[in-house]
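Novice: I'd like to ask you about the structure that follows.
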Amino acid sequence: MKISKLVFLLVSICLLHSKISYSQETQKSINYSIYDDILIKKLAAENPNLIDNYLIYEKNFSKLIAENNHNSKTDTLINGKRIIPVVFHIIHNGGQENISKAQIVDAVNLINIDYNKQNADTSATLPLFQSRAANCNIEFRLAKVDPNGNCTDGIVRHFDPQTNFAYFSTMKQYNWNPRNYMNIYVVNFIYPEGMSLPDGAFIGGMSPFPPSNTLSQALTGGDTLVDGVLIRQDCIG
Numbered sequence: 024m025k026i027s028k029l030v031f032l033l034v035s036i037c038l039l040h041s042k043i044s045y046s047q048e049t050q051k052s053i054n055y056s057i058y059d060d061i062l063i064k065k066l067a068a069e070n071p072n073l074i075d076n077y078l079i080y081e082k083n084f085s086k087l088i089a090e091n092n093h094n095s096k097t098d099t100l101i102n103g104k105r106i107i108p109v110v111f112h113i114i115h116n117g118g119q120e121n122i123s124k125a126q127i128v129d130a131v132n133l134i135n136i137d138y139n140k141q142n143a144d145t146s147a148t149l150p151l152f153q154s155r156a157a158n159c160n161i162e163f164r165l166a167k168v169d170p171n172g173n174c175t176d177g178i179v180r181h182f183d184p185q186t187n188f189a190y191f192s193t194m195k196q197y198n199w200n201p202r203n204y205m206n207i208y209v210v211n212f213i214y215p216e217g218m219s220l221p222d223g224a225f226i227g228g229m230s231p232f233p234p235s236n237t238l239s240q241a242l243t244g245g246d247t248l249v250d251g252v253l254i255r256q257d258c259i260g
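Okay, here's the thing in C-alpha cells:
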C-alpha cells in the first residue's frame, strides 16, 4: 500500500484545520502561506526546467493512479473503506510537545470525519470546491502491528531535542516503511532550513512530495525516508 502525496497533503490540512494558532500578543491578521510554494518558486527561478519536468511527472503519475484504480491488490478494504494504518512519532524533549494519547485519538477522529464528509460545515464549502467535495471512503486507524510484527498502539515516543528545530531531516531518523504506514511526526517547532520566518510566524505542518517527484528531488533529494507529515504539537487534535 503506497500512500500518495495527496493523502499526506490533505491530512496535513485536516490536522491543522481545527487548531491553527497564532501569537496572542499581537492583533495582526493571520497570513496563511504554503511554505512549499515559496521554496518551489525560489528553486524554479534557479532552474527553469523544474516546472516543465514537474508537469511531465504529474501526467505520468495521473496515468499510474488510473491504472491502480482498477487493481484491487493495491487496496486494503474493510466494509468498502480503504484502511490506512497510522503511526504517530512524538518527538519530544520532555515538554508540552509530548502530547497525550487522547489528543492523538482526537486528531484521528477529526481527519476521519473530514475524509468521510461528515464535518458539520460541509454547507459552507466554497463554490469552487463543491463539485469535488466527497466521501473518500478512507479510514485512518492507529497501527496495531509494528514493522517487526509486535503489538503497538500506533504511538511511538522519541526523546530528541531536535523537536525544537525539526525539519525533513528529523523525520528520516524514525520512519516506518511508508508503503505500509502513514507516518505523522509531532514536534514542538518546525524550522525551515535555508529560510527565515517573519516575526511571529510559524509553520503549522508540512509534507514532502513523493520521492519520485521532480519537486521532491529539488527539496529533499528524493529521500524515501522523509515520506510523511511533520506537524506542530499545538496544531493537532
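Counted the way my numbering counts, the sequence shown spans residues 24 to 260.
In this text, a Cβ means the ideal position worked out from N, Cα and C, and glycines have one as well.
As the structure is a prediction and not an experimental result, all values here were calculated from the model.
Does the beta-carbon of V168 have 16 or more other beta-carbons within 10 angstroms, so that it is buried, or is it exposed?
Specialist: exposed
Novice: When the distance is taken between beta carbons, is P201 closer than 7 angstroms to D250?
Specialist: yes
Novice: List the DSSP bridge partners of Y208.
Specialist: H112 and L253
Novice: For the ligand HEM, is there any heavy atom lying closer than 6 angstroms to the beta carbon of G260?
Specialist: The ligand HEM is not among the ligands present in this structure, which contains no ligands whatsoever.
Novice: Out of G227, V179 and G223, point me to the one whose CA is closest to N206's CA.
Specialist: V179
Novice: Hey, how far is the Cα of D6 from the Cα of F188?
Specialist: Residue 6 lies beyond the residue range present for the chain, which begins at 24 and ends at 260; the question has no answer from this structure.
Novice: What alpha helix (DSSP H) runs, 4 residues minimum, are completely inside the region 141–201?
Specialist: Every unbroken stretch of the alpha helix (DSSP H) spanning 4 or more residues and falling wholly within the region 141–201 is given here in chain order: 150–153 and 191–194.
Novice: Look at D129 and G260 and say whether their C-beta atoms are less than 7 angstroms apart.
Specialist: Result yes, Cβ atoms of D129 and G260 sit closer than 7 angstroms.
Novice: For L87, does the three-state DSSP call read helix, strand or coil?
Specialist: In the three-state scheme derived from DSSP, where H, G and I count as helix and E and B as strand, L87 is classed as helix.
Novice: Look up K104 in the DSSP assignment and give the residues it is bridged to.
Specialist: Looking at the DSSP assignment, K104 forms a beta bridge with I101.
Novice: If you count every other CB in all the chains shown that lies within 10 Å of the CB of R155, and 16 or more means buried, which is it?
Specialist: exposed
Novice: Would you mind sorting I213 into buried or exposed? The rule is 16 or more other CB atoms within 10 Å of its CB.
Specialist: buried
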